[in-house]
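Undergrad: When we follow numbering that gives the first Met the number 0, the leftmost residue of the sequence shown carries the number 0, and every step to the right adds one.
In this text, a Cβ means the ideal position worked out from N, Cα and C, and glycines have one as well.
The structure displayed is predicted, hence computed values, not measured ones.
There's a structure below that I have some questions on.
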Amino acid sequence: MCGIFGAISDDSAKLVLEGLRKLEYRGYDSAGLAAVFPDHKGPIETERTTGFVADLVSKADIRFQGASIAIGHTRWATHGGVTDSNAHPHSSNDGRITIVHNGIIENAHELLERIGNLGYIVNSETDSEVIVHLLDHEIKSQSSNKTPLDAFASTLRLLKGSWAIAAIISGFDEILIARNGAPLVIGRGDGNFFVSSDIQPLFGVCSEFAFLNDGQVLAIERSGIRIMPESEEPYFEMLEGSYEEQDSGTFPHLMLKEIHDQPISVSNSLSGRISADGINAALGGICLNSEELRNLDRINIVACGSAYYASQIGAIYIRKHTNLTVEAFRASEFPHERVCSPNTLTIGVSQSGETKDTLDALQSAKLQGGHITSFCNAIGSTMSRLAGNGSYLHAGPEFAVASTKAFSSMVSVFILLALTISEMKEVDRRAIVTEIRKLPNKLTTQLLEDDGSIERATEILSNSKSAIFIGRGISSPLSNEGALKMMEVAYLPCLSYPGGELKHGPIALIEDGTPVIAIAPDDQTSVLMESSIRECKSRGATVILISDTEGTMCDLADVVIPTQPTHPDLSPIVNVIPLQLLAYELGVSRGTNVDRPRNLAKSVTVT
Ligand code: F6R
């Protein structure tokens, strides 16, 4: 979702354009840049465009060379259409102040009325533009002993909602920044300062970084940082690591590369969390030990999208292997008042660690006095810092908008959690752990063995206007994930239902040739899945079966996508691969931008 990058450096505009390019994976629909030059006091130079950062680079041309301070933005539209005038930065009417904003100003309507009464002309349909006019008014009306930072802080007091904001003012060699509910990180090194929505673009350009916390308001200038008296000092740490280029390597797309990363990403998620004797699993990092976990009143899991479906599978594991009450919630629907108390644990699950709905749910659990923790992929993300404890997924950076390897890593971490809490018999534990250890090899085989079934299934789907996904038990949330992936990257309308529910309504949709994708591993649900498949077949459905079984169920199917047999608990980690490949292949055959599907963002930082 929206990205901010700012620089105080020699040729800062060039660095900002490069920073914006590195933030592209977050998803956006327009981009913009603003810069000031040494000793220049006139209107600020700006450029904005719909489309990509590459389009902004062409439009900016050489006009920004030699800029001493620059800020840039990639916008994912929330208020107002995708147009040049809605793109950030937004400038004051005299062009001397310009701002970029990530988040939502909830009282924009009321504030627009206020600035209208003050005589300001509004040039966009966004909620963000109001900030620059309010700042302009504060600067012009405050007493002469006050600074732009004071005016900025007064402006922020008028806002309701969430924000990361960077502002520059002609004649002042500083960037004003503030954070409230949207991520922002400062980088410094070699006399240069940077501000960014996430840490990735800072690798290689600075040596230290500091995450901003909610409520921090400060001015960055070459000589250092000035803070408002009531604001806390940013805490700098050494920046270690390197920027991982969004490079698909030998694969045509990032999504396909990330699907093929899974043998390694799952292995990394498991690494160090299984004992050498192959019997025990221990997921460290959580604020409670296994005894304390067992004594909880309940566990809540909050997440969105693919992370929610992984969490539903996680809830099934914990229910199956412990006596605990556990429930996975869509973060945006979390009934915190009903389910959180001091003896509950709420787990936030997220690839990015920046998803606003999940952050809000976790925060509400904390306010209710409960324990909170997180399973995040992005190191140092807002969610992991909010929780202050938790287990990282270690799946490696995921850049394609559609989540693939993070999903399998989430499920892997959940089975480890269930094993950590469980007091199951050693023989049962050993049976699971032994198969967990085989997972990376099985995923490799699943990815490499190509019997042409994915291609045949893609062919069927390419002639269809919709598809129905079914599964039972642990494969039911997985079928939701399969349908989500297909809708996201192939734009195919999909329905996902537990196999047993089909006959209670959705079966009315099935007619000759309706594709039904059935996930039916060899587990205790397979007999009933066979009945569901028969019900579909007798109404004319074309069945694509994802299964490690052989026999009558396979005979019913029009295409069988064979999967590697594993422990029944682990089947979602293997079976998600054909679902991801089907979505990818259909997307490619339909000519969609599989890595950047329309309307989607990688980090959803608004509610
Ligand atoms: C699906 C997808 C989204 C995310 C969801 C949560 O492919 O990418 O549904 O899973 O927006 O994102 P995170 O995991 O970053 O919280």
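Need the endpoints of the beta strand (DSSP E) that Y496 sits in, please.
TA: Segment 493 to 497, the beta strand (DSSP E) holding Y496.
Undergrad: Using a threshold of 8 Å, state whether the C-beta atoms of L255 and E207 are closer than that.
TA: Cβ atoms of L255 and E207: not closer than 8 Å.
Undergrad: So which of I453, S495, A218 has the shortest CA-CA distance to P577?
TA: Residue I453 is the option with its Cα nearest to P577.
Undergrad: Measuring CA to CA, which of E336, T372, P334 is closest to T345?
TA: The option with the nearest alpha carbon to T345 is T372.
Undergrad: Any idea which residues DSSP pairs M552 with across the strands?
TA: Looking at the DSSP assignment, M552 forms no beta bridge with any residue, so it has no partner.
Undergrad: Anyone know if the C-beta pair for I130 and I176 falls short of 8 Å?
TA: It is not a contact, given that the beta carbons lie outside the stated cut-off.
Undergrad: Using 8 Å as the cut-off, can you tell me whether the region 281 to 301 makes contact with the region 432 to 441, which would need three or more C-beta pairs spanning the two stretches below that distance?
TA: Touching, no.
Undergrad: Which residue wins for smallest C-alpha separation from I96, given the options I43, L415, S349?
TA: Residue I43 is the option with its Cα nearest to I96.
Undergrad: Once you ignore the five residues that flank D192 on each side, which residues in its own chain have a CB closer than 6 Å to its CB?
TA: The sequence given here places Phe at residue 192; Asp does not occur at that position. These residues qualify, in order along the chain: I7, I219.
Undergrad: What's the call for G389, buried or exposed, on a 16-neighbour Cβ count within 10 Å?
TA: The residue is buried, with at least 16 neighbouring Cβ atoms inside 10 Å.
Undergrad: Should R533 and G498 be called a contact, given that it needs their Cβ atoms to be closer than 8 Å?
TA: Contact flag unset, no.
Undergrad: Determine the direct distance from the alpha carbon of L133 to that of Q141, and round the result to whole angstroms.
TA: Using only the alpha carbons, I get a separation of about 12 Å.
Undergrad: So, A59 versus E46, is the Cβ gap smaller than 8 Å?
TA: Cβ atoms of A59 and E46: closer than 8 Å.
Undergrad: Looking at the secondary structure, which residues open and close the beta strand (DSSP E) in which P147 lies?
TA: P147 -> not in any beta strand (DSSP E); alpha helix (DSSP H) instead, spanning 147 to 156.
Undergrad: Does the Cβ of G470 lie closer than 7 Å to at least one heavy atom of ligand 1?
TA: False, no ligand heavy atom lies under 7 Å from that Cβ.
Undergrad: Looking at the unbroken beta strand (DSSP E) that takes in F544, where does it start and where does it end?
TA: Rather than Phe, the amino acid found at residue 544 in this sequence is Leu. Looking at the DSSP string, the run of the beta strand (DSSP E) that includes L544 is 541 to 546.
Undergrad: Considering only the beta carbon of each residue, do Q563 and T444 sit closer than 8 Å?
TA: Yes.
Undergrad: With DSSP as the reference, please indicate the residues paired to M423 in a beta bridge.
TA: Paired residue(s): none; M423 is not in a bridge.
Undergrad: Taking 5 Å as the limit, name every residue whose beta carbon sits nearer than that to some heavy atom of ligand 1, in sequence order.
TA: Those satisfying the condition are, in chain order, C303, G304, S305, A306, S349, Q350, S351, T354, A401, S402, V603.
Undergrad: Who are the near neighbours of G5 in its chain, counting only those whose CB is closer than 6 Å to its CB and skipping five residues on each side?
TA: Hits under 6 Å: I70, A165, I174, V194.
Undergrad: L416 and G313 - do their beta-carbons sit closer together than 8 Å?
TA: Yes, the Cβ-Cβ distance between G313 and L416 is below 8 Å.
Undergrad: Using the rule of at least 16 other Cβ atoms within 10 Å of the residue's Cβ for burial, across every protein chain shown, is I120 buried or exposed?
TA: I120 comes out exposed.
Undergrad: Since F192 sits in a beta bridge, which residues does DSSP pair it with?
TA: In the DSSP output, where bridge partners are listed per residue, F192 has I7, R187.
Undergrad: Excluding the five sequence neighbours on either side, which residues of its own chain have a C-beta within less than 6 Å of the C-beta of H335, listed in chain order?
TA: For H335, where only same-chain residues beyond five positions count, the Cβ hits under 6 Å are S363, A364, Q367.
Undergrad: Report the CB separation of S570 from D511 in whole angstroms; it is logged as a contact under 8 Å.
TA: About 31 Å separates the two Cβ atoms, so there is no contact after all.
Undergrad: Quick one: Cα of I469 to Cα of V81, how far?
TA: Looking at the two C-alpha atoms, the distance is approximately 37 Å.
Undergrad: Taking A489 as the reference, which of K502, Y308, Y391, P596 has the closest Cα?
TA: That would be P596, whose Cα lies nearest to the Cα of A489.
Undergrad: Looking only at DSSP bridge pairs, what is P102 linked to?
TA: The amino acid at residue 102 is misidentified as Pro; the sequence shows Gly. W162.
Undergrad: For Y391, write down the residues that DSSP places opposite it in a beta bridge.
TA: Answer is C375.
Undergrad: Give me whichever residues DSSP pairs with M409 in a beta bridge.
TA: DSSP, once it has assigned bridges, lists no residue as partnering M409.
Undergrad: Taking the straight line between their C-alpha atoms, what separation do you get for L201 and Y242?
TA: Answer to the nearest angstrom: the Cα atoms are 8 Å apart.
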